[in-house]
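Heads up: the structure comes next, in structure tokens.
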Amino acid sequence: MNKTILALNAGSSSVKFGICELDRAGEPTMAARGSLQFGPSARIKAKAEDGKSLVDRALPHGDQEGVIGALLDWVETESGGREISACGHRIVHGGTSFFDPVLLTPERIDAVEALTPLSPLHQPGSVAPIRAIAKLRPQLRQIGCFDTAFHRTIDPPANRFALPRGYEERGIRRYGFHGLSFESIASRLAAEGKADRRTVVAHLGNGASLCAMRHGRSLDTTMGFSALDGLVMGTRCGTLDPGVLLHLLQHDRMSADELQHVLYEKSGLLGVSGISADMRELEASADPKAREAIELFVFRAAREIAALANTLGGLDCLVFTAGIGEKSSAVRKAICDRLGWLGIALDESSNLAHDPIISAAASTIEVKVMPADEEIVIARHVLEVIGTT
Ligand code: ADP
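Using our numbering, read the sequence shown as starting at 14 and increasing by one per residue.
Quick look at the structure:
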């Protein structure tokens, strides 16, 4: 029987999954991809790699065990009777103890869950499917892959905050996120023989962050202690003067929970536009507030790309990835226009066509559009832990 690995990429409201098999060289290849929705509109959808729909079905039970159970049943029976060898998970936060992918024993699942205070809104979404599978298929090996791990190579001063020393010893430092996405891009750049280039990767999705990388190593990133820092996001504020937080707490008497809600759920593109967190909707809107939100998104992205180029001591390559990075030619153009002074020039028609290389021949910096494949990275990590035999 061909070895099947299930890669789960849990977000806050949905889970993407990939079903991987091994090719003759022992490399994981994707046989199908899909997504799971939870709650009242619970659903499983999957497509083969050629785009053919394999399943698109409402599910009767919207809780974790109901939805994850439906996925396992579908993989093991309807999708061709596969036997799942192991399941890999994207876990948002590894704290200061989890870096390499690990077999998730009951003790380690508890330890991962104990990191929830470091990522209160995202870590529970990482842990829930792991707990569900541990209950539904206790014998199935589960491997945790940490989104913070790729940034372990960031050294001081880039990972340090200017707080009293003792805070850092308690883990208050820049961790960085979107690590599996950045790792996916790093491995593609290496395969193209371009790992030595000073590269900034712009992961622009609902969440958004930048990574400065060279030789496959992260040297700086815009997300920090939490997934709030850095760029303007769909509903998150990105970098904010901490004095604003004090003002809201002390003067407006906001509670910590209210503040968390505003910073994570009500800010970013949604907050500034008052219309939507979704870039497509903002681009389609004639409302000037939509334009202002996009302008701020672009301004901050360009500013931070320049800052990360400084960390790298120059810039050879800029990579756009994730929903906005891969699909919005207007946002890419607006960001690159602001970076023209660095030597970036776009080829307009390549940019409109979302070509793999969108810079003009005269550009001193190569600008690329690359889809990130977090599920393949997860599957590779699973194989590192369980072996290919
Ligand atoms: P997530 O972080 O949830 O995985 P994605 O990477 O899918 O998010 O990115 C979602 C964002 O990408 C949304 O703001 C969406 O509007 C934007 N997006 C997707 N397709 C397009 C498009 N064709 N044009 C502009 N923006 C797009």
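Glycine is no exception: its CB is placed at the ideal position from the N, C-alpha and C atoms.
Treat the numbers as computed from the prediction; the structure is a model and nothing was measured.
Screening all residues for a C-beta within a distance smaller than 6 Å of any heavy atom in ligand 1 leaves Gly24, Gly218, Asn219, Gly220, Gly247, Asp291, Met292, Arg293, Glu296, Ala335, Gly336, Ile337, Lys340, Ser341, in chain order.
Annotation for Phe30: the continuous beta strand (DSSP E) segment containing it runs 27–35.
With respect to the C-alpha of Leu232, the residue from Asp270, Ala162, Ala303, Gly31 having the closest C-alpha is Ala162. Straight across, the Cα-Cα distance linking Phe310 with Leu283 is about 11 Å. Assigned with DSSP and collapsed to three states, Ala38 falls in coil, not helix or strand. By the criterion of a C-beta distance shorter than 8 Å, Trp87 is surrounded in its chain by Ile57, Ala59, Val68, once the five residues flanking it on both sides are discounted. Note: His216 is bridge-paired with Ser222, Thr334 in the DSSP secondary-structure output. Fully contained in the region 312–372 are the following alpha helix (DSSP H) runs of length 4 or more, in chain order: 335–340, 342–351, 361–365. In this structure Ala23 is buried. Its beta-carbon is surrounded by 16 or more other beta-carbon atoms within 10 angstroms. Boundaries of the alpha helix (DSSP H) around Glu388: 387–399.
The continuous alpha helix (DSSP H) containing Lys148 extends over residues 136–149.
Two segments are said to touch when three or more pairs of C-beta atoms, one from each, lie closer than 8 Å; by this definition the region 210–230 touches the region 331–343. CA-to-CA, the gap between Ala44 and Gly94 works out to about 13 Å.
Here DSSP, grouped into helix, strand and coil, assigns Met43 to strand. With contacts defined as CB atoms closer than 7 Å, Cys158 and Gly101 qualify as a contacting pair. Contact between Ser132 and Ala306 fails: their C-beta atoms lie close to 26 Å from each other, not under 8 Å. A distance below 7 Å between beta-carbons, with the five flanking residues on each side excluded, links Leu72 to the following residues of its chain, in chain order: Ala55, Arg56, Ile57, Gly79, Val80, Ala83. In the DSSP assignment, Asp242 is bridged to no other residue.
The beta carbons of Ala208 and Gly229 sit closer together than 7 Å. Inter-residue distance for Met246 and Ala290 is about 8 Å (C-alpha atoms, whole angstroms). Burial check for Gly189: the Cβ neighbour count within 10 Å reaches 16 or more, so the residue is buried. Sorting Met236, Ser372, Ile97 by C-alpha distance to the C-alpha of Ser363 places Ser372 at the top. By the neighbour-count criterion, in which a residue is buried when 16 or more other Cβ atoms sit within 10 angstroms of its Cβ, Val390 is buried. When secondary structure is reduced to three states using DSSP, Ala297 falls in the helix class. In this structure, DSSP gives Leu176 a state outside helix and strand, which the three-state scheme calls coil.
Under the three-state reduction of DSSP, Gln50 is assigned to strand.
In the three-state reduction of the DSSP assignment, Gly157 falls in the strand class.
Here the alpha carbon of Glu96 sits roughly 7 Å from the alpha carbon of Lys16. Here the C-alpha atom of Val125 lies approximately 19 Å from the C-alpha atom of Gly237. By alpha-carbon distance to Glu388, the top candidate from Asp113, Leu193, Gly287 is Leu193.
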